[in-house]
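Data first, discussion second: the structure below is written as structure tokens.
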Amino acid sequence: MADTSSSTVELDGTADLASVMRDGRRTINYDPPHLNPVPSRQYYFYLMLPAIIILACITIYPFFWLIYMSLHKVDIGGAGDVWNDFKNWTRLTRDSKFQDGWWLLLKYSAMCMFMEVGLGVLLAVILNNSRAEKILVTIFLMPMMMAPVIAGLVWYYLYNGTFGWYHWLLESAGILGETSILGGTSTAMIGIVIVDVWQWTPLITLITLAGLKRVPRDQLEANMVDGAGPVRNFFQISLPNLYPFLLIAILLRFMDNFRFIDAILVLTGGGPANSTKILPTYLFDVSFQFFKLGRGAAIALTLLVVTIILGLILVRVFDSPASKTGQTQAGN
Amino acid sequence: MASVKLSNVWKMYGQTEAVRDLNLTCADGEFLCVLGPSGCGKSSTLRMLAGLEHISAGDIYFGDKRVNDLPPKDRDIAMVFENYALYPHKTVYENIANSLRLRRMDKALIDQKVKKAAAMLEIEPLLDRRPAELSGGQKQRTAIGRAIVREPQLFLFDEPIAHLDAKLRAHMRGELKIMQRDLGTTMIYVTHDQLEALSMADHVAVMHEGVLQQFGTPHEIYSQPVNEWVAGFIGEPPMNFVDCEMVEEGGSLCLTHPHFTQVLTEAQAAIVRAKDPAGQRQVRLGVRPDEIAVLAEALDEGIKARVLVTEPLGGDMLVDLALGDSKLLAKTKPDFAGQRGDECSLTFDRNRWHVFDRASGLAYF
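Chains as they are written, first to last, in numbering that gives the first Met the number 0: chain Y, 0 to 331; chain C, 0 to 364.
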């Protein structure tokens, strides 16, 4: 033993340090005498600084200003803001329109999401197997290119009780009575959901289609050889591989549903009888119709917090170990 | 278990012909290797056997049954893919059990079969891991486990060990052969590595540019190549080729080259005369590096050549030689003393060399 270690020491030229033979191999059990310095990263920070400053000005400052407003009675006439002992917040607990707004918003986005994801994935699968994929994608993308206000106006005319084509169609079929689609408290919500689905399903389709292209073909083939038909193949192989893509699509749509109210304002303005007054529309009314900026700020903050929490939950759900390993595997 | 027969099979991708008029048979329980360089149509052949690719022309039979129109799931085959194609979101256990679950087999029976396959491949401790947590060799074992667990009538292996490191690959060659012999299942194995084909297969089908070049036992493929391409493709390091004239000289046939004249054996001369009675012939001599004996000194008898460089390989030594304008590679013992620029003398092993027609490339012997 002493013999072998002395011969390896010569090899190193470090006579005072011992290397040891173990399992027939030479091993080293000492640390290097000194480490070379790691290059400093400060340089990168300076590169990012301008971006950080701009970002701070346009997002962080307004965020704190929002918190400030939510704690004050804000006067737009210039009389100065007055601290009002959390009144903006305490009033929300007694505000039935605020609570209804939340309920309607959740109902609205849940309906949109289910229809958009279901339809979007189905369309993507059909398109992926279609020869006319390119031209069909172009056609399907058209609604998405439209400004939401214009989409709202288009559908406003289609739904119109006197000359709307859809109204006429449904009335002729005997499904609809005298009231127009947007005029009935039970049908108005469905009306605005359909507009959202019409405009934004293509986005889900597009993202899912990109995901489908990246589903490893050999996995699909291996599963076919294992004995799966096309439907099982989709649910067993394609869908798990699509999770990261669906996460992005759902996250985008879900945040959009919480902020895009252009079409709703054009179509119903929250009516009839507040049946489509989802929270963002109510927020719009409070802040920019009644100019209660303090209360509006409080409502906006609740919206922000819930958006963040739901976003985190979504990421957690989709970021399960299964979909995670799926991603690393695809990267190989 | 089943025999496999490909009858006049073609595969076309648009204008490209990947497989041309392929006829192959693989007996029940046999290990057949399809060997060829990349793009030779071997993978297309395998994918047609699996049912993953439409058969452009011709028929494939498993036993007596024509399977052209059967989807993969109804062919009772198992396939191992080149990059394993494991399901990343499933554990090793679930990966192996997948095909049994798809057939709605009883849970206890599945468990028993998966455990048995895992034991055979020595991957029992890995059953709860996901593919991302496995090494290359472990992934490969899982992929094989997925294939053997179902006891199919035919195994299709698509370069399953190509991505393993050299040492593991050598080890797996032996293991795969043992496994196939133990199970007795018909196996069609695609590879570009001649070592795999020669060491494992009962029969080897050598393909080039979509065309079957030679079908035979590994020994036949190596020692009796039917044409120049097969001769040059099989063997590592590759065969040396030297252009010669073949002339009648005093009742025997001789190969003449500016630097040497060699006499064919009687048997070889008889073969040549029978095949082609014409007098003078343009031929190409093929000699494998280990069929050339090299002596470091220049003797009067023997062929004189110059050493270009020597490549010691540990147990062997490769010698690059210049014979006039042509280069030769010879394999000799590491005690070879020749240095760069030295004259040396060669002897060819007359019983093991090959002569090809220079125009057609067909082998005389």
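Backbone N, C-alpha and C fix where the C-beta goes; we use that ideal spot for every residue, glycine too.
Every value quoted in this text rests on a predicted model; they were computed, and no experiment measured them.
Item	Value
Cutoff 7 Å: N22 of chain C Cβ touching any chain Y Cβ	no
Short Cβ contact (7 Å threshold) for M143 of chain Y with P61 of chain Y	no
Test: S43 of chain C CB closer than 7 Å to a CB of chain Y	no
Short-range partners of chain Y found in the region 85-106 of chain C, where Cβ spacing is below 7 Å	Y86, P87, H88, N97, S98, L101 and R102
Stretch-stretch touch, CB-based, cutoff 8 Å, three pairs: the region 269-276 of chain C with the region 207-221 of chain C	no
Inter-stretch contact (C-beta, 8 Å, three-pair minimum) for the region 47-59 of chain C and the region 5-13 of chain C	yes
Residue-level contact to chain Y via CB, K72 of chain C, 7 Å cutoff	yes
Rounded Cβ spacing between W154 of chain Y and L292 of chain Y (contact assumed at less than 8 Å)	In fact, because the Cβ distance is near 31 Å, the residues do not count as touching under 8 Å.
Which of helix, strand or coil DSSP assigns to F283 of chain Y	helix
Span separating the alpha-carbon of F156 of chain C from that of C32 of chain C	9 Å
Under 7 Å between C-beta atoms of T184 of chain Y and S69 of chain Y	no
Below-7 Å beta-carbon distance, P239 of chain Y vs any chain C residue	yes
At least three beta-carbon pairs within less than 8 Å, the region 231-238 of chain Y to the region 161-168 of chain Y	no
Delimiting residues of the beta strand (DSSP E) encompassing T346 of chain C	E342 to F347
Under 9 Å by beta carbon: chain C residues contacting E220 of chain Y	R46, A49, L51, P71, M78, F80 and A84
Local conformation of K10 of chain C per DSSP, three classes	strand
Alpha-carbon spacing of P49 of chain Y relative to S39 of chain Y, whole angstroms	19 Å
R351 of chain C and E290 of chain C closer than 7 Å at C-beta	yes
Sub-7 Å separation of R74 of chain C and G35 of chain C beta-carbons	no
Beta strand (DSSP E) segments (min. 3 residues) lying fully within the region 300-344 of chain C	302-311, 316-322 and 325-331
Cβ pair A292 of chain C, T255 of chain C closer than 7 Å	no
Residue burial classification, R145 of chain C (beta-carbon count within 10 angstroms, cutoff 16)	buried
Beta carbon of I312 of chain Y nearer than 7 Å to that of A248 of chain Y	no
Burial state of E121 of chain C, where buried means 16 or more other Cβ atoms lie within 10 Å	exposed
Contacts around E16 of chain C, its chain only, beta-carbon distance under 6 Å, and the 5 residues preceding and following it disregarded	G209
Under 7 Å from the C-beta of V224 of chain Y: neighbouring residues of chain C	A49, P71, I76, A77 and M78
Chain C residues whose Cβ lies nearer than 7 Å to that of D217 of chain Y	F80, N82 and A84
Integer-rounded CB distance, given that L140 of chain Y should sit under 8 Å from E132 of chain Y	Contact flag wrong, Cβ pair sits at about 12 Å.
Min CB distance V316 of chain Y to chain C below 7 Å	no
Y242 of chain Y, buried or exposed, once every other Cβ within 10 Å from all chains shown has been counted against 16	buried
Beta-carbon gap between M186 of chain C and Q179 of chain C smaller than 7 Å	yes
Chain-order list of residues whose beta-carbon lies under 8 Å from that of Q218 of chain Y (same chain, five-residue window excluded)	I236 and N240
contact_flag[the region 220-230 of chain Y, the region 100-112 of chain C] where n(CB pairs < 8 Å) is 3 or more	yes
Where K89 of chain C falls: helix, strand or coil (DSSP)	coil
R231 of chain Y: contacting residues in chain B (beta-carbon distance under 8 Å)	Absent here is chain B; the protein component of the structure consists of chains Y and C.
Contact set for M145 of chain Y: own chain, Cβ-Cβ below 6 Å, skip 5 residues either direction	none
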